[in-house]
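Okay, so the sequence shown: first residue is 1042 according to my numbering, each after it adds one. We put the beta carbon where it would ideally sit given N, CA and C, even for glycine. Predicted model only: the values in this text are computed from it and were never measured. Here the structure comes first, spelled out in structure tokens, and everything after it is commentary.
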Amino acid sequence: MKILIKNISKIYTPVSSKPYGYIKEYNDVSLLIINSKIESVFQKGDTVPETDEIIEAGKAIVLPGFVDAHTHPVFWKTREDEFIMRIQGKSYEEIARAGGGIRNSVRLFRAADKQQIKKVTRKRINKFLEYGTTTIEAKSGYGLSTEDEIKSLEIIDELNREQPLDLVPTFLGAHEVPDEYQDRRTEYIDLVVNEMLPKVAQRKLAKFCDVFCEEGVFTVEESSKILKAAKSFGIQARVHADELKGTGGAEMAADISAVTADHLVKVSDEGIRKMADAGVIPVLLPGTTFFLMKDDYAPARKMIEAGCRVAVSTDFNPGSSTTQNMQLMWSIAALKLKMLPAELLWASTLIPAESLGLQNEIGSIEPGKSADLILLDIPNLNYLPYHYGINHVLMTIKNGRVVFKKNF
Ligand code: NIG
Ligand code: FE
């Protein structure tokens, strides 16, 4: 199957062999896709081959589809009541301590039927495609029992097979200590290590394991224990680190060679240096800082200057960040993390792909990669974060197939 996308005003893409922030730009070109893979770019005047299909880009701009490296899409009910409580002055941490937050979602998740959760999750997933995201990392973490964590990972697995968005599964059994283990937390950690992880590994339900390493949730020592156990099963580590308090999560991530450390609002200078040395990818989630009404944002510039290859993701979840919109993350990251469009393009395509071990398949527009592409109604790359809060995506193409199209 050969498809030609013609009349493209510009293509912008990171290039695998070039340094972080380098962008290749093409002007007035066509793009040839063969059997769902990117084949080549044709300049104006080149003879283009016969194809089975032509997609008229109408002078749109083409980027690689966004890769969102941190999401929690498998939940049952939304939590707008807690949102109102936060507006009225209660903090996210206070609500969590009082049994709301993640534990609230866990109670609801356990009581709900798998097929119903799958149905609402599928709807949420369509929104990712509509806003230009073609691959997500998807965490479990609202079950917190062996049975319910498996239920969550099965939903991710089934949805991955049944619809076009690619989902990369992460086991997050250590998202919180559930209600019934509040007085015996070490028993819960033992359950995660000795029962959940072996089952998840045996059924190959997760590529990654994550832990919410945070004051009042899991300590650095507990997190390290869980992530090391995961690694012994061949499941790589990602970690929620140094978000609300700086506890040394980034340092721990470097010590155990985690693939990513995420959030990092309160990361120490030492943590940044260690992540840079160990090649840990910081996954920054500025939408969460914004949505939790916090004043301090992750020190992205320091991390980039230290040599870290920074990713930016949505953290899509029902409590602390409710958007699937990566374009909005570009605007918040530009304004609050002081990241520039060229850095943001890397941070939302090739670097998150690398964090998922998919850098040879997706994340840039290079021959041989999957044709995961978005067409945008913008005049240039700087315009994307500038005109903020709206959806610029005209068309999303996943593996060479049109999976979302706006009338234009
Ligand atoms: O990344 N930090 C832990 N997990 C999510 C919040 C989940 C929730 O509030 O439901 C986060 O912010
Ligand atoms: Fe998260």
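Let's test the definition: count the other Cβ atoms within 10 Å of the Cβ of residue 1420 and tell me whether it reaches 16, buried, or not, exposed. Taking the sequence shown and counting its residues from 1, the one referred to as residue 1420 is at position 379. Answer is exposed; the Cβ neighbour count stays below 16.
Pick from 1095, 1077, 1255, 1256 that is closest to residue 1045, judged by C-alpha positions: Taking the sequence shown and counting its residues from 1, one reaches residue 1045 at position 4. For residue 1045, the nearest C-alpha among the options comes from 1095.
Counting C-beta neighbours from all protein chains within 10 Å, is the total for residue 1053 16 or more, i.e. buried, or is it exposed? Mapped onto the sequence shown, residue 1053 falls at position 12. Only buried fits residue 1053, as 16 or more other CB atoms lie within 10 angstroms of its CB.
Just mark residue 1307 as buried or exposed, buried being the case when its beta carbon has 16 or more other beta carbons within 10 Å. Counting from 1 along the sequence shown, the entry for residue 1307 is found at position 266. Burial call: buried.
Roughly how many whole angstroms lie between the Cα atoms of residue 1406 and residue 1078? Sequence index remark: in the sequence shown, residue 1406 carries index 365 (1-based). Sequence index remark: in the sequence shown, residue 1078 carries index 37 (1-based). About 10 Å.
Identify whether residue 1078 lies in helix, strand or coil by the three-state DSSP scheme. Along the sequence shown, one-based indexing puts residue 1078 at 37. Strand at residue 1078.
So, residue 1254 versus residue 1276, is the Cβ gap smaller than 8 Å? Against the sequence shown, residue 1254 aligns to sequence position 213. Against the sequence shown, residue 1276 aligns to sequence position 235. No, the pair does not count as a contact, with Cβ atoms beyond the cut-off.
Is there a C-beta anywhere in chain C that falls below 8 Å from the one on residue 1135? In summary, chain C is missing from the structure at hand, where a single protein chain is found.
DSSP three-state assignment for residue 1157, whether helix, strand or coil: One-based indexing of the sequence shown puts residue 1157 at position 116. In the structure shown, residue 1157 sits in a helix (DSSP, three-state: H, G or I).
In the region 1390-1427, which residue ranges form an unbroken beta strand (DSSP E) of at least 3 residues, counting only runs that do not cross its ends? 1414-1417
Would a C-beta distance cut-off of 8 Å place residue 1063 and residue 1365 closer than the cut-off? Translated into the one-based positions of the sequence shown, residue 1063 becomes position 22. Translated into the one-based positions of the sequence shown, residue 1365 becomes position 324. The answer is no: Cβ separation not under 8 Å.
Segments of 3+ residues assigned as beta strand (DSSP E) that fall wholly inside the region 1215-1265: 1249-1252
Using alpha carbons as the reference points, say which of 1246, 1215, 1418, 1354 lies closest to residue 1099. For the purposes of this step, residue 1099 is taken as residue 58 along the sequence shown, with counting starting at 1. For the residues 1246, 1215, 1418, 1354, the minimum Cα distance to residue 1099 belongs to 1418.
Whole angstroms is fine: what's the gap from residue 1329's alpha carbon to residue 1303's? On the sequence shown, position 288 is the one that residue 1329 refers to. On the sequence shown, position 262 is the one that residue 1303 refers to. Approximately 11 Å between the Cα atoms of the pair.
May I ask which residues mark the beginning and end of the alpha helix (DSSP H) holding residue 1120? Taking the sequence shown and counting its residues from 1, the one referred to as residue 1120 is at position 79. Unbroken run through residue 1120: none, as it is neither H nor E.
Just verifying my parser: in three-state terms, what is the DSSP assignment at residue 1336? In the sequence shown, residue 1336 corresponds to position 295, counting from 1. Note: residue 1336 maps to coil in three-state DSSP.
With a threshold of 7 Å (Cβ to nearest heavy atom), would residue 1356 be considered close to ligand 1? Working through the sequence shown from its first residue, we reach residue 1356 at position 315. Residue 1356 has its Cβ nearer than 7 Å to a heavy atom of ligand 1.
Which ranges does the beta strand (DSSP E) cover as unbroken runs of at least 3 residues, wholly within the region 1110-1197, from first to last along the chain? Counting only runs of 3 or more, we get 1174-1180.
Under the three-state DSSP convention, the category residue 1314 falls into: Counting from 1 along the sequence shown, the entry for residue 1314 is found at position 273. Residue 1314: helix per DSSP, three-state reduction.
Measure the alpha-carbon distance for residue 1228 versus residue 1270 and round it to whole angstroms. As a first step, residue 1228 must be located in the sequence shown, where it is residue number 187. As a first step, residue 1270 must be located in the sequence shown, where it is residue number 229. The straight-line gap from Cα to Cα measures roughly 15 Å.
Any non-hydrogen atom of ligand 1 closer than 7 Å to residue 1259 Cβ: Locating residue 1259 in the sequence shown gives position 218, where the first residue counts as 1. Because no heavy atom of ligand 1 lies under 7 Å away, the Cβ of residue 1259 does not count as near it: no.
Between the beta-carbon of residue 1176 and the beta-carbon of residue 1399, is there less than 8 Å? On the sequence shown, position 135 is the one that residue 1176 refers to. On the sequence shown, position 358 is the one that residue 1399 refers to. Their beta carbons are under 8 Å apart, which means residue 1176 touches residue 1399 by this criterion.
Can you give me the Cβ contacts of residue 1119 inside the same chain, cut-off strictly under 8 Å, excluding the 5 residues immediately before and after it? Residue numbering aside, residue 1119 sits at position 78 when the sequence shown is read from its first letter. Within the same chain, residue 1119 has close Cβ partners 1359, 1363.
Contact belief for residue 1123 with residue 1142 at Cβ below 8 Å, rounded distance in angstroms: Counting from one through the sequence shown, the residue named residue 1123 turns up at place 82. Counting from one through the sequence shown, the residue named residue 1142 turns up at place 101. Their Cβ separation, rounded to whole angstroms, is 7 Å, which keeps residue 1123 and residue 1142 in contact under 8 Å.
Span of the beta strand (DSSP E) around residue 1368: If you number the sequence shown from 1, residue 1368 lands on position 327. Residue 1368 -> not in any beta strand (DSSP E); alpha helix (DSSP H) instead, spanning 1367-1378.
Would you say residue 1325 and residue 1347 are within 8 Å of each other, going by their C-beta atoms? Counting from 1 along the sequence shown, the entry for residue 1325 is found at position 284. Counting from 1 along the sequence shown, the entry for residue 1347 is found at position 306. It is not a contact, given that the beta carbons lie outside the stated cut-off.
What is the DSSP secondary structure of residue 1201, reduced to helix, strand or coil? Counted from its first residue, the sequence shown places residue 1201 at position 160. Look at residue 1201 here: in three-state DSSP terms it is helix.
Is it the case that the region 1162-1172 contacts the region 1125-1137, given that we only count it when at least three CB pairs across the two stretches are under 8 Å? no
Taking contact to mean 3 or more Cβ pairs, one atom from each stretch, closer than 8 Å, check whether the region 1238-1249 and the region 1215-1224 are in contact. no
Limits of the unbroken alpha helix (DSSP H) element including residue 1345: The residue labelled residue 1345 in the question sits at position 304 within the sequence shown. Segment 1341-1346, the alpha helix (DSSP H) holding residue 1345.
Quick one: measure Cβ to Cβ for residue 1200 and residue 1244, integer angstroms, because I've assumed they're closer than 8 Å. On the sequence shown, residue 1200 is found 159 positions in, with the first residue counted as 1. On the sequence shown, residue 1244 is found 203 positions in, with the first residue counted as 1. Between residue 1244 and residue 1200 the Cβ distance is about 16 Å, and since that is not below 8 Å, they are no contact.
Is residue 1219 near ligand 1, going by C-beta to nearest heavy atom under 7 Å? Numbered from its first residue, the sequence shown carries residue 1219 at position 178. False, no ligand heavy atom lies under 7 Å from that Cβ.
Which partner residues of residue 1303 appear in the DSSP bridge assignment? To locate residue 1303, count along the sequence shown from 1; it is residue 262. Its beta-bridge partners are 1281, 1324.
Do you know how far the Cα of residue 1322 is from the Cα of residue 1282? By 1-based counting over the sequence shown, the position of residue 1282 is 241. By 1-based counting over the sequence shown, the position of residue 1322 is 281. For residue 1282 and residue 1322, the distance between alpha carbons rounds to 12 Å.
Please tell me whether residue 1183 and residue 1212 are closer than 8 Å, where the distance is taken between their beta carbons. By 1-based counting over the sequence shown, the position of residue 1183 is 142. By 1-based counting over the sequence shown, the position of residue 1212 is 171. In this structure, residue 1212 does not lie closer than 8 Å to residue 1183 by Cβ.
Return the CA-CA distance between residue 1131 and residue 1422, expressed in angstroms with no decimal places. The residue labelled residue 1131 in the question sits at position 90 within the sequence shown. The residue labelled residue 1422 in the question sits at position 381 within the sequence shown. So the alpha carbons of these two residues sit roughly 39 Å apart.
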